[in-house]
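Structure first, commentary second.
Residue numbers (our numbering), protein chains in the order written: chain G, 6 to 344; chain R, 6 to 344.
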């Protein structure tokens with residue numbers, strides 16, 4: 006570099022200072038943010054009652070606030086998404102953990118994935134039948150194994166090796182899910198419409214912590230009346246769950262369509278490679294590409310600047326968001342409601 | 006549109022014709038193409054013998070020609086990749102089907118995926134222990150189930166429902182793989198280097214057929230001494246296997262790194278969104294991004310114009326390509342050899 010060029014930088018700074026114009030200050034930190042979902046297309050608005058709606062909202066609020074409390078006291082995005090998803094798994098209203106939908110064989114088979122943009126690191130499990138909180142097992146795979154994904158009996162063996170206590174499959178079964186399965190297995194199709202609309206629930210969370218790190222987590226019982234061993238998009242890194250330093254996504258919807266679309270990663274790739282906003286990337290992937298294939302569902306997504314996107318092409322998506330600027334929003338259909 | 010503009014097109018065509026310059030003819034069809042791989046980092050060149058090398062080359066040649074014959078007589082890319090991968094699965098030298106590496110528990114656990122850019126359609130299976138040709142089961146999942154992925158016992162139940170005959174796990178076990186596992190399970194690490202270098206084999210194929218359709222297929226036993234239930238990138242659509250109308254990829258290498266990188270899809274997204282060639286996209290994803298994470302491996306990739314890319318950052322990648330323009334190439338390390 007020539008001496009003239011070397012001199013140019015200090016001279017520029019001096020001239021700025023002399024003119025009273027310091028270099029522009031960096032933008033304020035985006036602040037911590039948590040976004041969660043409780044599934045897309047869970048209940049048709051026509052079948053929703055005021056009592057049910059209040060109960061779903063309460064469940065979403067509890068998970069939102071539990072996860073947000075971790076971020077607020079300086080905890081990691083990874084801990085926040087784990088806590089939020091764990092609470093949704095424990096809530097029998099949602100299709101994950103207790104209250105998961107049942108397979109054709111009448112059993113709960115659970116899938117989950119977690120991804121930490123730092124590293125990046127990822128863990129996923131599929132087809133487990135005796136792990137109370139699948140998201141915790143996915144996280145153990147990420148943190149305590151050299152692998153990303155474990156399935157079936159091998160995943161449960163790993164759970165035992167890690168000291169988890171297994172639970173009987175009956176722990177997951179609720180009367181509502183048994184009834185749903187019975188309706189779907191009736192030879193006549195009279196109940197199909199209602200059943201279908203209930204079969205897409207999944208829970209998930211994306212978070213941005215004080216250090217600017219993103220994480221994503223998703224957990225599900227899959228689809229009601231599914232074939233034994235069926236795995237949807239939830240535990241597929243890139244399909245239902247993905248986090249990079251610039252973009253975190255958790256999806257819910259028609260899993261097979263999400264897998265073929267590599268949907269979660271496609272949102273992040275569209276944003277990074279086409280240099281568009283997160284909202285524009287989600288819009289393109291959900292409302293143009295997914296819609297064109299006939300797939301239904303939605304995502305929650307978050308970028309490193311704290312921009313929140315909750316978008317879907319299904320009848321609704323149970324969702325909630327909270328951030329450091331006072332936003333606290335819980336919504337189910339196409340309305341927006343602040344609480 | 007104004008009348009003047011409407012007139013402009015026929016006028017332009019007339020003037021071109023008048024000048025004896027017809028509109029440029031469409032480029033000639035790319036012709037059918039098949040590319041296969043037999044794994045990255047399979048054998049360190051220092052441990053390779055002339056006899057072994059000839060045997061691997063013969064195995065690759067047989068699969069290449071079997072798949073290519075289908076394309077040549079007008080068959081689909083889907084049939085060609087299925088046939089090529091099936092032959093590699095049946096060949097005990099390669100880590101897929103018979104001759105798969107063994108898990109820590111001493112058992113073969115097999116994963117496979119297939120994707121047809123038409124549709125698109127995809128099928129995948131993981132953790133199966135009794136299905137002779139995993140790629141055939143992946144294809145059955147794609148064609149005869151509403152799902153994309155089935156794992157473990159559920160996948161085997163589906164195999165039985167489809168009329169496949171299951172085989173005992175011993176069918177897959179070869180003396181070489183049992184010995185490899187024993188070496189890796191010795192408490193001292195004297196054999197680790199050699200064992201590691203053998204543990205990444207996987208087989209795969211990508212093809213372009215007469216109708217211009219792309220397909221991809223991959224099959225593997227995973228990594229030697231793996232935890233029961235471990236799933237690598239092979240059966241993850243977007244990670245180890247992916248096909249779109251413009252780009253088909255089959256990968257082989259450090260599965261966990263490939264999953265976190267959503268590697269196969271990232272190549273296609275880079276090509277489509279950044280508008281670069283397939284070779285440039287593969288170069289960026291393998292030699293910059295994968296390399297930066299410490300992951301090793303490679304891919305075979307094919308675009309709709311018949312451009313072939315076989316690239317890797319590992320010590321070698323067993324690979325072969327054949328096309329309608331007379332190319333017939335089989336290679337193992339960084340050499341290029343035409344046969």
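The C-beta atom is built at its ideal place from N, Cα and C for all residues, glycine as well.
Element boundaries [beta strand (DSSP E), containing residue 328 of chain R]: Unbroken beta strand (DSSP E) run through residue 328 of chain R: 322-328.
Boundaries (first-last residue) of the alpha helix (DSSP H) holding residue 60 of chain G: Residues 55-77.
C-alpha gap between residue 75 of chain G and residue 116 of chain G, whole angstroms: Residue 75 of chain G and residue 116 of chain G have their C-alpha atoms roughly 24 angstroms apart.
Alpha carbon of residue 200 of chain R to alpha carbon of residue 45 of chain R, nearest angstrom: Note on residue 200 of chain R: pLDDT 40, under 50, position unreliable in the model; no value is reported.
Per-residue DSSP class, three states only, for residue 345 of chain R: Because chain R here runs from 6 to 344, residue 345 of chain R falls outside it and cannot be looked at.
Minimum Cβ-Cβ distance from residue 301 of chain R to chain G less than 9 angstroms: Closer than 9 angstroms to the CB of residue 301 of chain R there is not a single CB belonging to chain G.
Residue nearest to residue 301 of chain R in terms of C-alpha spacing, selected from R:214, R:250 and R:266: Closest by alpha carbon: R:266.
Residue 258 of chain R - DSSP class collapsed to helix/strand/coil: For residue 258 of chain R, the three-state secondary structure derived from DSSP is strand.
Whole-angstrom C-beta distance between residue 322 of chain R and residue 42 of chain R, which should lie under 8 angstroms: About 6 angstroms separates the CB atoms of residue 42 of chain R and residue 322 of chain R; that is less than 8 angstroms, so the two are in contact.
Nearest-angstrom Cα separation, counted from residue 106 of chain R out to residue 187 of chain R: Residue 106 of chain R has its alpha-carbon roughly 11 angstroms from the corresponding atom of residue 187 of chain R.
Reference residue 179 of chain R, options R:69, R:88, R:97 and R:79, closest by Cα: Residue R:97 is the option with its Cα nearest to residue 179 of chain R.
Residue 121 of chain R: contacting residues in chain G (beta-carbon distance under 7 angstroms): Residues of chain G with a Cβ closer than 7 angstroms to the Cβ of residue 121 of chain R do not exist; the shortest Cβ-Cβ separation is about 10 angstroms.
Cα-Cα separation, residue 196 of chain G to residue 238 of chain G: Low confidence applies here, because residue 196 of chain G scores a pLDDT of 41, under 50, leaving its location unreliable; read the following figure in that light. Cα-Cα distance, rounded: 25 angstroms.
Contacts of residue 153 of chain G in chain R (Cβ-Cβ under 7 angstroms): Under the 7 angstroms cutoff, chain R gives 261, 264 and 265.
Beta carbon of residue 101 of chain R nearer than 9 angstroms to that of residue 246 of chain R: Remark: C-beta atoms of residue 101 of chain R and residue 246 of chain R do not approach each other more closely than 9 angstroms.
CB of residue 234 of chain R within 9 angstroms of CB of residue 136 of chain G, strictly: In this structure, residue 234 of chain R sits away from residue 136 of chain G, with a CB-CB distance that is not shorter than 9 angstroms.
Three-way DSSP call (helix, strand, coil) for residue 202 of chain G in this model: Reliability fails at residue 202 of chain G, whose pLDDT of 43 lies under 50, so the model's placement of it is uncertain and the value that follows must be treated cautiously. Here residue 202 of chain G sits in helix by DSSP.
DSSP state of residue 285 of chain G mapped onto helix, strand, coil: Residue 285 of chain G sits in a helix when the DSSP states are folded into three classes.
Rounded straight-line distance, which links the Cα of residue 229 of chain R to that of residue 110 of chain R: Counting only the Cα atoms, residue 229 of chain R lies some 10 angstroms from residue 110 of chain R.
Continuous alpha helix (DSSP H) stretch holding residue 92 of chain G: start and end: Start and end: 82-95.
Cβ of residue 275 of chain R within 9 angstroms of any chain G Cβ: It does: the Cβ of residue 275 of chain R has a partner Cβ on chain G nearer than 9 angstroms.
Beta carbon proximity, residue 330 of chain R to chain G, threshold 9 angstroms: Taking Cβ atoms only, chain G never reaches closer than 9 angstroms to residue 330 of chain R, which makes this a no.
Contact between the segment 164-183 of chain G and the segment 127-145 of chain G (3+ Cβ pairs under 8 angstroms): In this structure the segment 164-183 of chain G lies against the segment 127-145 of chain G, because at least three pairs of beta carbons, one per stretch, are closer than 8 angstroms.
Contact set between residue 158 of chain G and chain R, taken where Cβ atoms lie within less than 9 angstroms: Correct list: 132, 157, 158, 233 and 234.
C-beta neighbour in chain G for residue 237 of chain R, strict 9 angstroms: Output row for residue 237 of chain R: interface = yes.
Alpha-carbon to alpha-carbon, residue 65 of chain R and residue 169 of chain G: Between residue 169 of chain G and residue 65 of chain R, the alpha-carbon positions lie close to 45 angstroms from each other.
Touch test, the segment 206-215 of chain R against the segment 120-132 of chain R, Cβ-Cβ under 8 angstroms, three pairs minimum: A contact between stretches requires three or more CB pairs, one per stretch, nearer than 8 angstroms, and the segment 206-215 of chain R fails this requirement with the segment 120-132 of chain R.
Within chain G, partners of residue 271 of chain R - CB distance below 8 angstroms: The contacting residues are 270 and 274.
Residue 38 of chain R, buried or exposed, once every other Cβ within 10 Å from all chains shown has been counted against 16: With 16 or more other Cβ atoms within 10 Å, it is buried.
Assigned secondary structure, residue 265 of chain G (DSSP; H/G/I helix, E/B strand, else coil): Helix at residue 265 of chain G.
Beta carbon of residue 250 of chain R nearer than 9 angstroms to that of residue 283 of chain R: No, they are not a contact pair.
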